[in-house]
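This report concerns only the one structure given below.
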Amino acid sequence: MEQQNTASWAYKFKSFTRECLRVLKVTRKPDAIEFKTIVKVSGLGILIIGLIGFIVQMIKLLFFK
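Quick note on the working numbering: the sequence shown kicks off at 23 and runs consecutively.
Structure below.
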């Protein structure tokens, strides 16, 4: 039983490593325009989430003081 468990673990690790290498071969570095777009969208998302948190905090302070 122990040997089968070890073999299964080794197979899963080897398979995971193979998949990681496959993904790394497919990926590429984004060009400048794509990078700027990603930065803008990420920043906008962070601002929206922060604004929602701020509004919730203000509502909490106003109604549950």
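Every residue gets a Cβ at the ideal spot worked out from N, C-alpha and C, and that includes glycine.
Please report the distance separating the alpha-carbon of residue i from that of residue j.
{"i": "R44", "j": "E56", "result": "23 Å"}
{"i": "R40", "j": "P52", "result": "24 Å"}
{"i": "G67", "j": "V78", "result": "17 Å"}
{"i": "A32", "j": "F38", "result": "10 Å"}
{"i": "A54", "j": "L73", "result": "28 Å"}
{"i": "G75", "j": "K82", "result": "10 Å"}
{"i": "K142", "j": "K62", "result": "There is simply no residue 142 to check, as the chain begins at 23 and stops at 87 in what is shown."}
{"i": "M80", "j": "I71", "result": "14 Å"}
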